[in-house]
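Just so you know, my numbering puts the end of the sequence shown at 1160, numbered straight through with nothing missing.
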Amino acid sequence: MTTAAKQAVKSWSSTLLLPKSSFPARPSAKDTARYIQRCADDLYSWQRRERSADNTFTLHDGPPYANGTLHIGHALNKILKDIVCRTQLAQGKRVSYVPGWDCHGLPIELKALERHDWKKGGDHDALAVRKAARAFAEAAVQEQMSGFKSWGVMGDWAGHWKTMDKDFELRQLSVFKELARKGLIYRRLKPVYWSPSSETALAEAELEYKDDHVSTAALVKFPLVRHPFSHDEQLVSAVIWTTTPWTIPANQAIAVRKDLEYVVVRSKAHGNLLLAQSRLDFVSALINEELQDVQHTISGSGLLDAQPNYRSLFNIHDSDRPLFHADFVKSDAGTGLVHCAPGHGMDDYHALWPLIQAKEISILAPVDSKGCFTGDAVPNDGSLLEGQKVLSDGNKTVLNLLKEQQSLLVSYNYVHSSPYDWRTKEPVIVRATAQWFADVSSVRNEAIASLEDVDFFPAGGKVRLTSFLQNRSEWCISRQRAWGVPIPALYRVDNEEAVLTAESIDHIISVVEERGVDAWWSDAANDPSWISPQILQHARVEDFRRGTDTMDVWFDSGTSWTQLPGGIPSNRRPLADVYLEGTDQHRGWFQSSVLTRIAYQQSTRNLVVPTAPFGSLITHGFTLDEKGKKMSKSEGNVIAPDEIIHGAAYPPDSLKKDRGKGKAGSFTASPGPDALRLWVASSDFTKDVIVSDTVIKNVHSALHKYRVTIKLLLGALKDFNPTDLMPYHELSQMDQIALLQLFQVKQVVRVAYEEKEFYKAISAINRWINTDFSGLYVEAIKDSLYCDDFRSRTRRAIQTTLYRILTELQAMLAPVTPLLIEESWEHAPEGIKASDVHPLHRSWTPAPKEWNNVDIDTILPVLLATNTAVKSAQEKARSAKLMGSSLESFVTLLAPNNPSGKQALVAWQGSAMRQMLVVSDLCIALGGDERVSELEHELSTREEIQTWMYNEPIEFPDGSKGWALVQKPKSSKCARCWRYRADGQAYNEDLKVSNAGITDTPVAANDTKTEQLCARCRAVVLDLQKATG
């Protein structure tokens, strides 16, 4: 291009009305804090002040654990909650979201010990441990809060709550008091899950199961002392199979089943063995001996009628252990006889409870808190096992002792599922200790009934939560740790009898209210303040000691509903509209919240209708890497939220590296918090959520598309004022198509938000922006928007449509990308800001019904099919290097001579077709397939177009076919708008249809100064010249 030509182009370009906006193409990190303040903190305060309290939506925070740095799972959870709240805000609600933190418990205690280089399991002063744990938790809360706020999460951060707050602890103790008053709290020596690595009891919710755990399985024989078999028989032994040989020293009975058949079979290596007939093959295979010499056959009931007993293998003074019936004995597992140690087995404990109550057997658990045998394991020689860990050396020693006395038939490695401490990731055991329990069985049915009025999302959550409730009869709520809320029990020094009455608890609560909960540990042991006057009327201060057990942290967080208005006293209405947490909380926080709430309602006689603390329960999956693996530091696949925010993990390809600025490889901009939020919203959170290179790059790309789209809209509206809005009926057909598509996407997006399917909303927005808006409407309107006179009604109609699109796009994106919307408002034209409501303050309103234009909707499929065919033919020409821009096209459309073709003619004759195709000329003809060759010949003879031609079939919705023929005009293009109208032709807004061919009447130009321009551009330029003198 010559210098003169370049100057001419530049001159004409200066007359175009190109979009201009101060809105930056890239976000600026230095502005992030300002936008977060406005779109989160200020917005939350505004809506609490301006919206009616009678229309409040409450999302109660499932408190995160205050023990470390935030990870990507935290982001998924907190941002989902924020999107839910912002969706409600957009629906006109007043939102209540008060963040909370779970601050007690073992992990924080261990972190505090580690920070002070204190040995885990050492004898540390409880008050010092509590002080260190509190400091650690407080620091973690502040760090996590800063992170949550940096993600644009709005809430009452100043009013946040912590389970270690005095007010929270008092409310928790008040709930405990009411449960105790009702008799739902009791203490019992009972087997519980025990973590040797944590040295505390665990609830079922604190377990995770490892499927590849390896135990040592063994066949062990117990010599019968009394049995129903003939006296000439030598010794008969009952054979059991176990995966916990270390529990054999605590054995108290052997279970059989009445309806099973049993045999005494002779083994060459092991003598006479008693086992179920159905298990002969199993035992034969294990001991590698065919057991075929059956001496006796007897039913289980017949066996029990003889009142058989056997000798203990580890207590030489005990030879009267019973056999008894138990339903859990199976004909297809083990040997048909089950070794029972009620001190180490819950099923054993329940089955033997009548004998325990009758004091015929005892609950023996000769294992200490560290999981080591005590001297009681072998009464006649405690040194044989004392101090050995039951899960390692102690287990091996037991097997050796069994082997020495010829009681071990066989032992081998056995892989099976086994419970682990979900915090330390170490195996747990079952161990009988004196623990405090909450009676779940008495409120279980009411708790399940309360779920009937709860909306679950996804729906399967109801079955899951119901299942956990159904399978629970009691809840071990005591823990042997210092960092927690104390169980407010006093113990008699002489016999360890516990005092736990409502009156005593009430008195203790009054002292806590005055002195704080730490005083329970810091006050002198003989301080009389903790003992109620009523007790001291009949006893002395020194007769009692304060307990050291603390409450299960699930009881802490499970009573967090007391923080909600109406929590205490109880009422029938759900206290929160939504609880939202990971699916693992069905067995955790969801369950404990329902149980404590229903128990409290029952205790306070307010259980006319059982009411769960939540109206809706929303659950999400876990975050996984692109291979579906759980993220962990050891795997090296952890992605921190900040890496997504700052683009460090997956910088988008479109970002250009700085050159000569700072470090090599640094990027000019970071995507910001909206990138993290958009990743969350783009994911189907009801399943496990993938975080990968591809996923994050797609998110960055979509966010960048939103930004450039908003920049275009703001720039195109720079000279627009909403007071100039044109009525719908004055808009062009193309504008009405845009509003129809906007109406449709708005409907889809709103429904998706309301149904919590945010990923569907984002998918619909992305498709609409890329296909309908950018790919169709923007391409169609550029000519008029840039080149028309700024006063033209066509351009004003386009701006009217763009304004509608801007406001609706802001509304659709507001719950997900609030920083982007806040920034768009800051850079909005003054005319818009002066007359509009802030986009984050708006409530969603229905789109005008007229946008849902049935006539437009009818012809739109024809127009889109035509557009697709034309674009395809143009691509063929581009591939052949015969054309570049679509404006280098002369297009002829051929419609079939049938009803579908007539409908196409109507569609094609409208103004939208010319705008949509973005071509320099358009003609229409009528006829079937036979007209294609004839038409090609006719067009090839015209002097104003090139002789080459590409055609493409148009597939109409009803299956019929038309044709699109593309050629290139021979004339030169307008130097300003680039259409091939430089000879002065005006636009043919109305095309004439002929059965024979094509008509197109040019309009001559006569201004020699602007002979490079088409008639429209010439008029605009002349007006500009007059205006500027």
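Cβ coordinates follow ideal geometry from the N, Cα and C atoms, glycine included.
Distance cutoff 9 Å, beta carbons only. Does residue i sit that close to anything in chain C?
i       : result
Arg-318 : Of the protein chains in this structure there is only one, and it is not chain C.
Using only the alpha-carbon positions, how far apart do residue i and residue j sit?
i        : j        : result
Glu-517  : Gly-506  : 5 Å
Ala-1158 : Ser-915  : 20 Å
Ala-1150 : Arg-1107 : 12 Å
Asn-544  : Ala-381  : 22 Å
Ala-1117 : Gln-878  : Its pLDDT being 41, under 50, Ala-1117 is placed unreliably by the model, and the measurement read from it follows with that caveat. The straight-line gap from Cα to Cα measures roughly 40 Å.
Ala-472  : Thr-681  : 27 Å
Ile-776  : Leu-807  : 6 Å
Ile-487  : Pro-327  : 26 Å
Glu-309  : Ala-656  : 27 Å
Val-323  : Asp-625  : 26 Å
Lys-341  : Glu-673  : 47 Å
Lys-151  : Leu-711  : 43 Å
Glu-954  : Glu-1069 : 56 Å
Glu-245  : Trp-282  : 30 Å
Ile-1161 : Tyr-166  : Residue 1161 falls outside the range modelled here, since the chain spans only 132 to 1160, and no answer is possible.
Glu-337  : Ala-833  : 40 Å
Asp-248  : Pro-617  : 25 Å
Ile-203  : Gln-716  : 17 Å
His-972  : Gln-941  : 11 Å
Asn-852  : Ile-963  : 6 Å
If residue i sits next to residue j, beta carbons under 8 Å apart, how far is it from one beta carbon to the other, in whole angstroms?
i       : j        : result
Thr-555 : Ser-329  : 6 Å
Phe-588 : Ile-749  : 5 Å
Glu-910 : Ala-1004 : About 16 Å separates the two Cβ atoms, so there is no contact after all.
Leu-495 : Gln-383  : 6 Å
Glu-605 : Ala-569  : 7 Å
Trp-288 : Lys-297  : Wrong, their Cβ atoms sit about 20 Å apart, outside the cutoff.
Arg-217 : Pro-804  : With a Cβ gap of about 13 Å, Arg-217 and Pro-804 do not count as contacting.
Thr-466 : Val-546  : Their Cβ separation, rounded to whole angstroms, is 20 Å, which puts Thr-466 and Val-546 out of contact at 8 Å.
Would you check if the distance between the CB atom of residue i and the CB atom of residue j is smaller than 9 Å?
i        : j        : result
Gln-426  : Val-387  : no
Lys-352  : Ala-334  : no
Ala-259  : Ile-239  : no
Ile-636  : Pro-619  : yes
Gln-566  : Cys-607  : yes
Lys-1033 : Ala-1026 : yes
Thr-931  : Met-857  : yes
Pro-946  : Leu-220  : yes
Tyr-441  : Leu-355  : yes
Ala-349  : Ser-514  : no
His-1201 : Pro-510  : The requested residue 1201 does not occur in the structure, where the chain is confined to residues 132 to 1160.
Leu-1024 : Ile-1055 : yes
Val-880  : Trp-143  : no
On the DSSP bridge list, what partners appear for residue i?
i        : result
Pro-617  : Thr-681
Ser-542  : Ala-349
Glu-712  : Thr-750
Asn-440  : Arg-357 and Pro-453
Lys-761  : Leu-755
Gly-1093 : Ile-1085
Ala-707  : Phe-745
Gln-566  : Arg-319
Tell me whether the segment 653 to 663 and the segment 627 to 641 touch, counting them as touching only if at least three CB pairs, one residue from each stretch, are closer than 8 Å. yes
Between the segment 824 to 843 and the segment 156 to 164, can you find at least three pairs of beta-carbon atoms closer than 8 Å? yes
Is the segment 809 to 822 close to the segment 199 to 216, with three or more CB pairs under 8 Å? yes
Does the structure place the segment 937 to 947 close enough to the segment 820 to 832 that three or more beta carbon pairs sit under 8 Å? No, because fewer than three Cβ pairs between the segment 820 to 832 and the segment 937 to 947 fall closer than 8 Å, the two stretches do not touch.
Is the segment 433 to 449 close to the segment 556 to 570, with three or more CB pairs under 8 Å? With a cut-off of 8 Å, the segment 556 to 570 and the segment 433 to 449 do not count as touching, because too few Cβ pairs lie within range.
Is it a yes or a no for the segment 268 to 283 touching the segment 192 to 201, going by three-plus beta-carbon pairs under 8 Å? yes
Count Cβ pairs between the segment 866 to 874 and the segment 981 to 998 that sit closer than 8 Å; are there 3 or more? yes
Does the segment 851 to 871 touch the segment 1048 to 1064, meaning 3 or more C-beta pairs lie closer than 8 Å? no
Any chance the segment 579 to 588 sits against the segment 734 to 745, with 3 or more Cβ pairs inside 8 Å? yes
How do the segment 417 to 431 and the segment 398 to 406 stand: do at least 3 beta-carbon pairs fall below 8 Å, yes or no? yes
Assess, as a yes-or-no matter, whether the segment 679 to 694 is touched by the segment 299 to 307 under the definition of 3 or more beta carbon pairs within less than 8 Å. yes
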